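Undergrad:
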Amino acid sequence: MFDNLRRLIDKIKPNFVEGGKFGWLQSTFEAFETFAFTPNTVTRHGSHVRDAVDMKRAMITVVIALMPALLFGMWNIGFQTSLNAEDWPYELGTAASWWYCLWFGFLRMLPLIVVSYVVGLGIEFMFAQIRHHEVNEGYLVTGLLIPMIVPVTTPLWQLALAVAFAVVLGKEVFGGSGMNFLNPALVARAFLFFSYPTHMSGDKVWIAADLWGTDAIAGATPLGELAAGSLPSDTALDMFIGTVTGSTCETSVIAILLGAIVLLVSGIASWRIMLSVILGGGAMGLLFNLIGANDYMQLPFYYHYLMGGFMFGAVFMATDPVTSAQTNAGKWIYGLLIGLFAVMLRVLNPAYPEGMMLSILLMNSFAPLIDHCVVARNIKKRERRKEAVR
Amino acid sequence: MKNFDLIKLPFNKQNPITVQVLGVCSCLAVTAQLKPAVVMAVSVTVVVALANLIISLLRNTIPPRIRIIVQLVVVSTLVVLVDQFLKAYMYDVSKQLSVFVGLIITNCIVMGRLEAFAMSNPPLPSLCDGIGNGLGYSVILVTLGFVRELFGSGSLWGYPIAEKLGLYGIGYENNGLMIMPPMALILAGIIIWIQRTRNKDLQED
């Protein structure tokens, strides 16, 4: 079968090279060929291999790290509906019901993922074509992240619009993967959040009413309850396991931690950033505990890790190697401030129940400045050392 | 021909907003709807054209040391006239524009054209330059106002287009981001992007 495919590709290849009949489709053809087969071109001059991990492998590793959260998120979509829907086909608590939860969630997630990939990759191919670049793999992760951080009932046309906005204005306008200064997945979410607030917040978006459509059952997230002035009705253990309402795949701390282990062991994400985000959030939480002016401030600080998208943001969003700070000292500052601002926004601003998205986007835009200061300081330090030796 | 060029250039290669990046503040503030955007565009065009003409007539008598103050006096007089006119004949729009009519005084396009052109050119070219820059500013303002009102409020000049077409019935919704000032900045950025892609000599490095 692969021989036939190889033969077919070789046969049509002359049409797609420079000057061929479909020469303008060169980069699209190249993308599909290297997707199917390892390229057979060989570097002729000295090559500069520093690491066996290329972009393709790094992206696949992140996708693997996302799998636990994705699978749990799918199951939880069904589980939340089963708890609240009037007619659920199986008796709650049975194995059949358990499996049906996963199937239900899979069917709900599938359109979101398909729309995200089709629209996003479509635009990526278009830009690669116009610019005569190769299509690269950056969108594999972004395209999966976007459906994972929106409410399950997000209308598909709005998602498509947000994906187009994020890919064009969050990424391609700056020159494509690796050139963007904001995390494209969060740009998509921010676009939805400010454009269609009724579909992104409140308490009637988090639980799907049935298999199709955008109808939702009322059910507030823990953060929503806190913003409304009451305490979360879910226990800390529920929030740790993830059987609470929220954006599709952000609820389970356990599943996210499994992903974090994959990212840390493979060395793709920075442990400094993850740790500093967690420390920053904890420090702010403890500070509010000391002030203790209202119920929200008195909430134990570790609740902030369990609620909303804090852990998802810390593990998968803040660590984006393109948009985070690059220097080691810069990473600490960047991460600490993300954690601080996220918790501060949550507690002090009732208009924004969740502060993680905005604080990561804010620090994304400050990351180059932080790096600049760290580098300038280092230069000054070394100059002083040089003076001392002289 | 030269005077006509002065009117024509600001539409593209010398556009005050997309090339000189002047007057951006008001372009973010008043373009949420088409009507105030058009009124603002006309007001600025009138002010910058007349101010250019007056300063150009006075240019040889203004002592260089106090020229900014003289320019400011002329501009503020014109702006107060425009403001009073709007209050008298278009009160609702005047309320919508609120302080931004008064802030035309500080609009960088007005001061920029006076300093850069009217101070050293005869009256007729100065008038043309003022009209051209005012219209160049207007083009961007009206474009932004059109897009933002259409997608942000689903209407044009107050006429509810989306509702009449029955778009809400099939699940369409207005885009809340369009009404916020940041979206005006993003849209202006998109216009700059398109303009520079088409105009090779505007591209830097």
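Protein sequences, first through last, are from chains U and A.
Numbering-wise (the numbering used here), the first sequence opens with residue 4 and increments by one.
Numbering-wise (the numbering used here), the second sequence opens with residue 1250 and increments by one.
Backbone N, C-alpha and C define an ideal beta-carbon position, used for all residues, glycine too.
Quantities reported herein were computed from a predicted structural model and do not represent experimental measurements.
1) Which runs of the alpha helix (DSSP H) fall wholly inside the stretch 1323–1381 of chain A and span at least 4 residues, in chain order?
2) For residue 1311 of chain A, does the three-state DSSP call read helix, strand or coil?
3) Need the endpoints of the alpha helix (DSSP H) that residue 156 of chain U sits in, please.
4) Which whole runs of the beta strand (DSSP E) in the stretch 6–47 of chain U are 3 residues long or more, in chain order?
5) So which residues on chain A does residue 197 of chain U lean against when the C-beta distance must stay under 7 Å?
6) Counting only Cβ pairs nearer than 9 Å, list the residues of chain A close to residue 200 of chain U.
7) Using a Cβ-Cβ distance cut-off of 8 Å, determine whether residue 1435 of chain A contacts chain U.
8) Between which two residues does the alpha helix (DSSP H) carrying residue 78 of chain U extend?
9) Measure the Cβ-Cβ separation of residue 275 of chain U and residue 331 of chain U and say whether it is below 8 Å.
10) So, does the CB of residue 194 of chain U fall closer than 8 Å to a CB anywhere in chain A?
11) Comparing C-alpha positions only, which one of U:95, U:206 and U:75 sits nearest to residue 227 of chain U?
12) Can you tell which of A:1402, A:1408 and A:1309 has its C-alpha closest to the C-alpha of residue 1370 of chain A?
13) Return the chain-ordered ranges of every alpha helix (DSSP H) run that is complete within the stretch 301–353 of chain U and spans a minimum of 4 residues.
14) Helix, strand or coil for residue 120 of chain U per DSSP?
15) For residue 1377 of chain A and residue 1408 of chain A, I'd like the C-alpha separation in whole angstroms.
16) Strictly under 8 Å for the Cβ-Cβ distance: is residue 1420 of chain A near chain U by that measure?
17) To the nearest angstrom, how far is the alpha carbon of residue 298 of chain U from that of residue 249 of chain U?
18) Of the residues that make up the stretch 139–173 of chain U, which ones have a beta carbon closer than 7 Å to any beta carbon in chain A?
19) For residue 1328 of chain A versus residue 1304 of chain A, is the C-beta spacing smaller than 8 Å?
20) Which one of U:312, U:112 and U:86 has the shortest CA to CA distance from residue 222 of chain U?
21) Please compile the residues from chain A whose C-beta is within a distance smaller than 9 Å of the C-beta of residue 176 of chain U.
22) Which of helix, strand or coil does DSSP assign to residue 152 of chain U?
23) So, residue 1349 of chain A versus residue 1289 of chain A, is the Cβ gap smaller than 8 Å?
24) Would you identify the three-state DSSP class for residue 272 of chain U, choosing helix, strand or coil?
25) Between the Cα of residue 1482 of chain A and those of A:1448, A:1401, A:1424 and A:1284, spot the shortest distance and give me the residue it belongs to.
26) Quickly, what does DSSP pair residue 210 of chain U with across the bridge? List them, please.
27) Out of U:178, U:103 and U:107, state which residue places its alpha-carbon closest to the alpha-carbon of residue 429 of chain U.
28) Would you report the Cα separation of residue 1347 of chain A and residue 1286 of chain A, rounded to the nearest angstrom?
29) Relative to the C-alpha of residue 5 of chain U, which residue among U:36, U:311 and U:18 is closest?
30) Buried or exposed for residue 111 of chain U, please, with buried defined as at least 16 other CB atoms from any protein chain shown within 10 angstroms of its CB.
31) Within its chain, find whatever has a CB closer than 6 Å to the CB of residue 1400 of chain A; leave out the 5 residues flanking it on each side and keep chain order.
32) Which residues does DSSP list as the beta-bridge partners of residue 1408 of chain A?
33) Going by alpha carbons, who is nearest to residue 33 of chain U out of U:118, U:62, U:140 and U:97?
34) Helix, strand or coil for residue 184 of chain U? Go by DSSP, reduced to three states.
35) Sorted by chain position, which residues of the same chain lie with C-beta nearer than 7 Å to residue 1266 of chain A's C-beta, five sequence neighbours on each side aside?
36) Given a threshold of 16 other Cβ atoms within 10 Å of its Cβ, counted over all protein chains shown, does residue 349 of chain U qualify as buried or as exposed?
TA: Reading off the structure:
1) 1340–1346, 1348–1351 and 1357–1365
2) Counting from one through the second sequence, the residue named residue 1311 of chain A turns up at place 62. Residue 1311 of chain A: coil per DSSP, three-state reduction.
3) Here residue 156 of chain U corresponds to residue number 153 of the first sequence, with the count starting at 1. Looking at the DSSP string, residue 156 of chain U is not in any alpha helix (DSSP H), and its letter there is neither H nor E.
4) none
5) By 1-based counting over the first sequence, the position of residue 197 of chain U is 194. Going along chain A in sequence order, the residues near residue 197 of chain U (Cβ under 7 Å) are 1425, 1426 and 1429.
6) On the first sequence, residue 200 of chain U is found 197 positions in, with the first residue counted as 1. The contacting residues are 1425.
7) Translated into the one-based positions of the second sequence, residue 1435 of chain A becomes position 186. It does; some Cβ of chain U falls within 8 Å.
8) Taking the first residue of the first sequence as 1, we reach residue 78 of chain U at position 75. Note, residue 78 of chain U: alpha helix (DSSP H), 58–87.
9) Walking along the first sequence from the start, residue 275 of chain U turns up at place 272. Walking along the first sequence from the start, residue 331 of chain U turns up at place 328. Yes, these two residues count as a Cβ contact at 8 Å.
10) Translated into the one-based positions of the first sequence, residue 194 of chain U becomes position 191. It does; some Cβ of chain A falls within 8 Å.
11) Here residue 227 of chain U refers to the residue found at position 224 of the first sequence. When each option's Cα is compared against that of residue 227 of chain U, the closest is U:206.
12) Indexing the second sequence from 1 puts residue 1370 of chain A at position 121. Nearest option by C-alpha distance: A:1309.
13) 306–309 and 331–351
14) Taking the first sequence and counting its residues from 1, the one referred to as residue 120 of chain U is at position 117. If DSSP states are grouped into helix, strand and coil, residue 120 of chain U belongs with the helices.
15) In the second sequence, residue 1377 of chain A corresponds to position 128, counting from 1. In the second sequence, residue 1408 of chain A corresponds to position 159, counting from 1. Between residue 1377 of chain A and residue 1408 of chain A, the C-alpha separation is close to 34 Å.
16) Working through the second sequence from its first residue, we reach residue 1420 of chain A at position 171. Output row for residue 1420 of chain A: interface = yes.
17) Taking the first sequence and counting its residues from 1, the one referred to as residue 298 of chain U is at position 295. Taking the first sequence and counting its residues from 1, the one referred to as residue 249 of chain U is at position 246. Taking the straight line joining both Cα atoms gives about 22 Å.
18) 158 and 172
19) For the purposes of this step, residue 1328 of chain A is taken as residue 79 along the second sequence, with counting starting at 1. For the purposes of this step, residue 1304 of chain A is taken as residue 55 along the second sequence, with counting starting at 1. The answer is no: Cβ separation not under 8 Å.
20) Here residue 222 of chain U is taken as the residue at index 219 of the first sequence, counted from 1. If we check each option's Cα against that of residue 222 of chain U, U:86 comes out closest.
21) For this step, residue 176 of chain U is matched to residue 173 along the first sequence. What residue 176 of chain U touches in chain A: 1438, 1439 and 1442.
22) Taking the first residue of the first sequence as 1, we reach residue 152 of chain U at position 149. It is coil, neither helix nor strand.
23) On the second sequence, residue 1349 of chain A is found 100 positions in, with the first residue counted as 1. On the second sequence, residue 1289 of chain A is found 40 positions in, with the first residue counted as 1. Yes, the Cβ-Cβ distance between residue 1349 of chain A and residue 1289 of chain A is below 8 Å.
24) Along the first sequence, one-based indexing puts residue 272 of chain U at 269. Note: residue 272 of chain U maps to coil in three-state DSSP.
25) Here chain A covers residues 1250 to 1454 and nothing more, so residue 1482 of chain A does not appear.
26) The residue given as residue 210 of chain U occupies position 207 in the first sequence. In the DSSP output, where bridge partners are listed per residue, residue 210 of chain U has U:220.
27) For residue 429 of chain U there is no data in the structure shown, the boundaries of chain U being 4 and 393.
28) By one-based count along the second sequence, residue 1347 of chain A stands at place 98. By one-based count along the second sequence, residue 1286 of chain A stands at place 37. Answer to the nearest angstrom: the Cα atoms are 13 Å apart.
29) As a first step, residue 5 of chain U is located in the first sequence; it is residue number 2 there, counting from the start. Closest by alpha carbon: U:36.
30) The residue given as residue 111 of chain U occupies position 108 in the first sequence. Buried, since its Cβ has 16 or more Cβ neighbours within 10 Å.
31) Residue 1400 of chain A sits at position 151 when you count from the first residue of the second sequence. Cβ neighbours of residue 1400 of chain A beyond the five flanking positions: 1424 and 1427.
32) The residue labelled residue 1408 of chain A in the question sits at position 159 within the second sequence. Note: residue 1408 of chain A sits in a beta bridge opposite A:1405.
33) Here residue 33 of chain U refers to the residue found at position 30 of the first sequence. If we check each option's Cα against that of residue 33 of chain U, U:140 comes out closest.
34) Here the question's residue 184 of chain U lines up with position 181 in the first sequence. In the structure shown, residue 184 of chain U sits in coil (DSSP, three-state: anything other than H, G, I, E or B).
35) In the second sequence, the residue the question calls residue 1266 of chain A occupies position 17. So the qualifying residues of the chain are 1272, 1273, 1276, 1386, 1389 and 1437.
36) As a first step, residue 349 of chain U is located in the first sequence; it is residue number 346 there, counting from the start. So residue 349 of chain U counts as buried.
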